[in-house]
Amino acid sequence: MSQPHAESRTLIAEDLLLLLMDDEKGRLAAASYAQPLFGGALLAELALDGAVEVEEKRGMWHTAKVHAVHPPAGGAAPDPLLARAWEVVAEKPRTAQGLVDRLGRGVRKELQDRLVARGILERRETKILGLFPSTTWPAVDVQHEQQVRASLRDCLVIGLMPTPRTAALVALLAAVDQAYKVLAPGDLTSQRGELSPREVKRRAKAITEGDWAAKAVRDAVAASQAAISTAVMVSTTTAATST
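If you're matching positions, the sequence shown starts at 1 in my numbering and goes up one per residue.
Right under this line is the structure:
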């Protein structure tokens, strides 16, 4: 079995994908709104790198826009996904709502392919009922995913201060109401007993609104979170009215 490249940092979008994938079935829990979710994750990553920022809101009727500041970190060889996302932001100022779908277009498959190349997922081609082609992406190395989940438990259950990357990940999970669901049942027990979904959601909200990074970064992540939440609401409403 191939091993993941330890020296290479995973993107927040990749961590998000791993958390939301069923390790055995190889399917994504949030497939219906994957595009804005992963687009928002790329936008949040650019914000953490200081590559983009959200302008100050100037009144009730003003919609703040995202501006490119400088290319993402990485020297002569930045991450290609982040570099492409930054180029989209740099085209012209856009709202976060206008960016998340644009940035997330086609990203899910690319993230899966990247994780296969790193030996974390495996691509399997099957047929449903022996007729219809289907592709699944089961996990083959869960070590990194377990580390990410442990970081989430540290802040959501134990109450430790999250790193900026973990706090951004919490904000993105909260946007799709998955902060509680990605924790294993055994992870929800603290010294005060087992936490309820409501308590985990409350803690996720507190982390998202906390002072975990510079204001410019928090503003950009908050804009990404709001844009994803809106996209999910629209998707849910559309699905409900079409049935």
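Yeah, the Cβ is synthetic: ideal placement off N, Cα and C, and Gly gets one too.
Beta-carbon separation (whole angstroms), Gly-98 vs Phe-38, contact threshold 8 Å: A Cβ-Cβ separation of about 16 Å leaves Gly-98 out of contact with Phe-38 under the 8 Å criterion.
So the candidates are Ala-47, Gly-26, Thr-10, Ala-34; which of them puts its Cα closest to the Cα of Ala-216? Ala-47
Any chance the stretch 10 to 27 sits against the stretch 192 to 211, with 3 or more Cβ pairs inside 8 Å? no
Please return the same chain residues whose Cβ sits closer than 6 Å to the Cβ of Thr-95, not counting the five positions on each side in sequence. Cβ within range, chain order: Thr-63, Lys-65.
My output table needs one value for His-67: the three-state DSSP class, helix, strand or coil. Three-state DSSP puts His-67 in a strand.
By a C-beta neighbour count over all protein chains shown, 10 Å radius and 16 as the cutoff for buried, is Pro-162 buried or exposed? buried
Considering only the alpha carbon of each residue, which of Ile-228, Ser-224, Thr-236, Ala-231 lies closest to Ala-44? Per the Cα distances, Ser-224.
How many angstroms separate the CA atom of Arg-153 from the CA atom of Ala-41? 20 Å
Short of 8 Å in beta carbon distance, which residues of its chain neighbour Ala-13, apart from the five on each side in sequence? Order them along the chain. So the qualifying residues of the chain are Phe-38, Ala-41, Leu-42, Glu-45, Leu-81, Val-107, Leu-111.
Could you name each continuous alpha helix (DSSP H) segment of 4 residues or more that falls completely within the stretch 110 to 156, going from the start of the chain to the end? 143 to 153
Three-state secondary structure (DSSP) of Thr-230: Helix.
Locate the beta strand (DSSP E) running through Val-52, then write down its first and last residues. Residues 52 to 54.
Is the separation between the beta-carbon of Glu-122 and that of Val-140 shorter than 8 Å? yes
Tell me which residues share the same chain as Leu-18 and place their Cβ nearer than 6 Å to its Cβ, disregarding the 5 neighbours each side in the sequence. Glu-145
According to DSSP, what are the bridge partners of Arg-94? Val-66
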